[in-house]
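Encoded as structure tokens, the structure appears first; notes follow it.
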Amino acid sequence: MHHHPHPRERDTAAFAPAAPLASLVAAAECVPFISVPPRHSNQQLLFFFFFFFFFSFASPTEQLCSSFLLLLHVIVRTSAGDNRTTPNGAAAAVMAAATVGVLLRLLLLPVVVVVSLLVGASRAANVTYDHRAVVIDGVRRVLVSGSIHYPRSTPDMWPGLIQKSKDGGLDVIETYVFWDIHEPYDFEGRKDLVRFVKAVADAGLYVHLRIGPYVCAEWNYGGFPVWLHFVPGIKFRTDNEAFKAEMQRFTEKVVDTMKGAGLYASQGGPIILSQIENEYGNIDSAYGAAGKAYMRWAAGMAVSLDTGVPWVMCQQSDAPDPLINTCNGFYCDQFTPNSKSKPKMWTENWSGWFLSFGGAVPYRPAEDLAFAVARFYQRGGTFQNYYMYHGGTNFGRSTGGPFIATSYDYDAPIDEYGMVRQPKWGHLRDVHKAIKLCEPALIAAEPSYSSLGQNTEATVYQTADNSICAAFLANVDAQSDKTVKFNGNTYKLPAWSVSILPDCKNVVLNTAQINSQVTTSEMRSLGSSIQDTDDSLITPELATAGWSYAIEPVGITKENALTKPGLMEQINTTADASDFLWYSTSIVVKGDEPYLNGSQSNLLVNSLGHVLQVYINGKLAGSAKGSASSSLISLQTPVTLVPGKNKIDLLSTTVGLSNYGAFFDLVGAGVTGPVKLSGPNGALNLSSTDWTYQIGLRGEDLHLYNPSEASPEWVSDNAYPTNQPLIWYKTKFTAPAGDDPVAIDFTGMGKGEAWVNGQSIGRYWPTNLAPQSGCVNSCNYRGAYSSNKCLKKCGQPSQTLYHVPRSFLQPGSNDLVLFEQFGGDPSMISFTTRQTSSICAHVSEMHPAQIDSWISPQQTSQTPGPALRLECPREGQVISNIKFASFGTPSGTCGNYNHGECSSSQALAVVQEACVGMTNCSVPVSSNNFGDPCSGVTKSLVVEAACS
77 MHHHPHPRER
87 DTAAFAPAAP
97 LASLVAAAEC
107 VPFISVPPRH
117 SNQQLLFFFF
127 FFFFFSFASP
137 TEQLCSSFLL
147 LLHVIVRTSA
157 GDNRTTPNGA
167 AAAVMAAATV
177 GVLLRLLLLP
187 VVVVVSLLVG
197 ASRAANVTYD
207 HRAVVIDGVR
217 RVLVSGSIHY
227 PRSTPDMWPG
237 LIQKSKDGGL
247 DVIETYVFWD
257 IHEPYDFEGR
267 KDLVRFVKAV
277 ADAGLYVHLR
287 IGPYVCAEWN
297 YGGFPVWLHF
307 VPGIKFRTDN
317 EAFKAEMQRF
327 TEKVVDTMKG
337 AGLYASQGGP
347 IILSQIENEY
357 GNIDSAYGAA
367 GKAYMRWAAG
377 MAVSLDTGVP
387 WVMCQQSDAP
397 DPLINTCNGF
407 YCDQFTPNSK
417 SKPKMWTENW
427 SGWFLSFGGA
437 VPYRPAEDLA
447 FAVARFYQRG
457 GTFQNYYMYH
467 GGTNFGRSTG
477 GPFIATSYDY
487 DAPIDEYGMV
497 RQPKWGHLRD
507 VHKAIKLCEP
517 ALIAAEPSYS
527 SLGQNTEATV
537 YQTADNSICA
547 AFLANVDAQS
557 DKTVKFNGNT
567 YKLPAWSVSI
577 LPDCKNVVLN
587 TAQINSQVTT
597 SEMRSLGSSI
607 QDTDDSLITP
617 ELATAGWSYA
627 IEPVGITKEN
637 ALTKPGLMEQ
647 INTTADASDF
657 LWYSTSIVVK
667 GDEPYLNGSQ
677 SNLLVNSLGH
687 VLQVYINGKL
697 AGSAKGSASS
707 SLISLQTPVT
717 LVPGKNKIDL
727 LSTTVGLSNY
737 GAFFDLVGAG
747 VTGPVKLSGP
757 NGALNLSSTD
767 WTYQIGLRGE
777 DLHLYNPSEA
787 SPEWVSDNAY
797 PTNQPLIWYK
807 TKFTAPAGDD
817 PVAIDFTGMG
827 KGEAWVNGQS
837 IGRYWPTNLA
847 PQSGCVNSCN
857 YRGAYSSNKC
867 LKKCGQPSQT
877 LYHVPRSFLQ
887 PGSNDLVLFE
897 QFGGDPSMIS
907 FTTRQTSSIC
917 AHVSEMHPAQ
927 IDSWISPQQT
937 SQTPGPALRL
947 ECPREGQVIS
957 NIKFASFGTP
967 SGTCGNYNHG
977 ECSSSQALAV
987 VQEACVGMTN
997 CSVPVSSNNF
1007 GDPCSGVTKS
1017 LVVEAACS
């Protein structure tokens, strides 16, 4: 990878003439006296810099400083809306500076100097911490962060994901660094960590870089490169010299790469925090005293790298100073750091949960996630990170587990395809705005706690002079709504909710009352013409050019096959070069063997996992799979043997290597036995006989997945085999028009891997079904969440849709290659695009006003009431149709609303008038607007609309 010089190195090195440099030095001398607010526009900055340059040629430093400060004062006042004129003398001085001579001098200046100043305006920041917060340049900060893992999306997606994160109220993007993808030195494409960090900086956000380098993350082998396992004498994550040397080498490589690009805050970059190790405290007891020594070594090694920013250790209650120990979990409000000098930080707030092949789809209600966030800031927290904010996709063979699915959607606020998930994204954005309204109080005061009754609690942040006050009122009861008295006022608190009062009086948000809109998305199949919502027809350009196929041979076909007595563990044999390992042996049958019953015998094969297929004389005789809860397989199947030589071929397959737990690196896979044939009169144990081993598939060696390499293996025939194991398929397709996200629906296929234009979109396995039970129709957000509380799609495939990033596609013809292990019919797969089908909202009279309408009480004459707000999700769209509107006591969910017993006859007309033809609209939720269909009852407005 090329060295990326920092913008300031690159842009100012060669062109800056002496006078402006002197001006810069002089300006730097002024810096201690000024504090620049972040609100001025580019025009104001340009105005400021040009004026500053006018003055720089004729002014000694003292004059320069005074003019610098004066101009800054003008800008600050202007940006704050202050129209007061500058004092006469100052105005005259500014006018005098702008003489013709100075103007001429300025015209001679290379424009580059001005540009370089604007581009390189980021300056080094001093990041420290105290007992309340991370401190940036002497100011405590209340920070909201979200995880986006760079290799789980594409560089083309990064700017949009980061912008949606910023729009959602995030200050920080958190990512792991994935050791295995960067070795040897590889930082290209999806692996371009420098480009990712710079993209975050370009959006004006900070970065928390979690180097690990063990990351867990449901990533293959926890992020470790598998070659590490073969270093002589190595023991992972303990006081072992071989491991520590490799860990330090990689950690230094990452830090040096970041420093080389000027990306630490101490260099003017966005990285304000780094993490070493990962959740080691969860399992360190298994490593004894050597584990504690290793943990202390890792902390010291990290600090010695001199990044100029604080280091953290998550889930490590004994993390040594100066490292900050942080919390991971669904709730961290009760967490306390291990020192009174460290802030309360939450590095992983799990926004949902990961999906496993063979598991139902987990989700976490927005109300519960918002409750957890508000409780954390209520109880003294000042840094909280969503794991994940965008989960993304496990491309290639990157999944861990085993059995982690290819989708890493995580029910995150931004979905796998890069679209905002509503109402989660919008409700959390509102929570972040409410928290930020409280920030002046949170950073200035200590929390004061008081009980408001059973399961209710008030927390107040108030300065000694009472000039700033913010309060949080919590009802942690999982069943009952409560009415509480606070500061002489009465407040209704729904069960399992927090109300936020930025002025200790007015509720700006309650976590259980969602004002954000809901969107429903659908995957639109492009297999045939489909009626669109605006009555236009989508005509797909997906007529595939027919399928070619290649047959993957059963058993040993490679020259370099290895024969040894006994059964070998799979990962030690393959070093994870492939998912696949063939075990092959043969027996000679006379016909009178004790394990025979006629020509039949029973074959038993025990395996550590993860998937097993048995072939007798080249024909599939049986198959079995493990699961996420246990990868062990015990396959028993009747087999038919023939007189003479019989060939037994076992195909063992991994589905991602283990990524979590003490000694997870030693968890094995493959056929370890026994393997035996048994009949009514006896058995034959084949476990210690000679077995021949082949790593990987012939088609992998021939690069059949890369269509740019011609291969004579491919057969183009109108009749291609279907529902047979071990077949490669290939076709051409035209990319779906437009820019909607694309996915392939693999319904009809069994299990395998897919490549688009030679890039793997991951393993597919639509035949692996979730259990029939364990799902709920609607999940009650009240009460503690756990990873199996809210599940959907029981009895259905865990994953049928597989994301194809737009950047994998090209104009015109594209290649799709599949390797099908179990058997399927490729003519059944279809391309789909992800589109928003409806936008909805449900707001009651009891809701707070929309947060954007909330102004501090000193500036408003009356408190605004609740309103229902709708906004089309894409630029250029308008609300074209109101599908449903009801004011009264409606029920149901988006796409399935019903009128209640009480319903205003005017609702549809009022909403149509306010919204149709608009990109967004706001409708007051009150009887003044709709009439009162039933007095004395709390009424709600629900609307479902379509955009086009």
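Every letter in the sequence shown is one number past the one before it in my numbering, and letter 347, counting from 1, is 423.
Virtual Cβ for every residue (Gly too), placed ideally from N, Cα, C.
Given residue i, which residues of its chain have a CB within under 6 angstroms of its CB, disregarding the five upstream and five downstream residues?
i, result
"T204", "V211"
"V1018", "H918, S962, P966, Y973"
"I915", "Q593, T595, L946, A1021"
"A374", "I352, E353"
"Y796", "W623, Y625"
"D243", "none"
Determine the DSSP secondary structure at residue i, reduced to helix, strand or coil.
i, result
"L762", "coil"
"H466", "strand"
"E533", "strand"
"T798", "coil"
"Q538", "strand"
"V211", "strand"
"F907", "strand"
"S117", "The predicted position of S117 is uncertain, since its pLDDT is 39 and thus under 50; no value can be drawn from it."
"A166", "Only weak support is given to the placement of A166: the predicted model assigns it a pLDDT of 35, under 50, and the question is left unresolved by the model."
"E424", "strand"
"H149", "Residue placement at H149 cannot be trusted, given a pLDDT of 38 that sits under 50; the coordinates are not used to answer."
"A1027", "One cannot answer for residue 1027 here, as it falls past the ends of the chain, which runs 77 to 1024."
"K558", "strand"
"T650", "helix"
"Y205", "strand"
"A813", "coil"
"W930", "coil"
"G384", "coil"
"W841", "coil"
"R945", "strand"
"K240", "helix"
Compare the Cα-Cα distances from residue i to each of the options and report the closest residue.
i, options, result
"K267", "A277, S710, T251", "T251"
"C1023", "L518, I958, G222", "I958"
"G367", "G222, W255, E317", "E317"
"P783", "L867, L717, D891, L727", "D891"
"K869", "T333, R208, F433", "F433"
"N461", "S675, V437, W295, T402", "T402"
"D579", "K512, R271, L219, G338", "K512"
"S677", "G941, G758, S597", "G758"
"V664", "N693, E355, A446", "N693"
"T810", "S836, P788, Q886", "Q886"
Considering only the beta carbon of each residue, do residue i and residue j sit closer than 8 angstroms?
i, j, result
"W767", "G642", "yes"
"G888", "G476", "no"
"Y625", "W804", "yes"
"D397", "R440", "no"
"G850", "G472", "no"
"N358", "Q391", "yes"
"F300", "A651", "no"
"F907", "I820", "yes"
Could you name the residues of the same chain whose beta carbon sits closer than 8 angstroms to that of residue i, not counting the 5 residues immediately before and after it, in chain order?
i, result
"P108", "Note on P108: pLDDT 31, under 50, position unreliable in the model; the coordinate value appears next. None."
"L237", "I224, S229, H466, I490, G494"
"E628", "L773, R774, G775, L802, I803, W804, F895"
"S524", "T535, V536, Y537, Q538"
Just confirm the distance between the C-beta atoms of residue i and residue j, as a whole number of angstroms; I'd bet it's less than 8 angstroms.
i, j, result
"S662", "K752", "In fact, because the Cβ distance is near 15 angstroms, the residues do not count as touching under 8 angstroms."
"V291", "I249", "The pair is not a contact, with the Cβ atoms about 16 angstroms apart (cut-off 8 angstroms)."
"V507", "L585", "6 angstroms"
"Y226", "L269", "6 angstroms"
Who are the near neighbours of residue i in its chain, counting only those whose CB is closer than 7 angstroms to its CB and skipping five residues on each side?
i, result
"I287", "V253, T327, V330, S350, Q351, I352"
"V743", "S734"
Against chain B, with Cβ distances strictly below 8 angstroms, would residue i count as a contact?
i, result
"A759", "The structure shown has no chain B; it contains just one protein chain."
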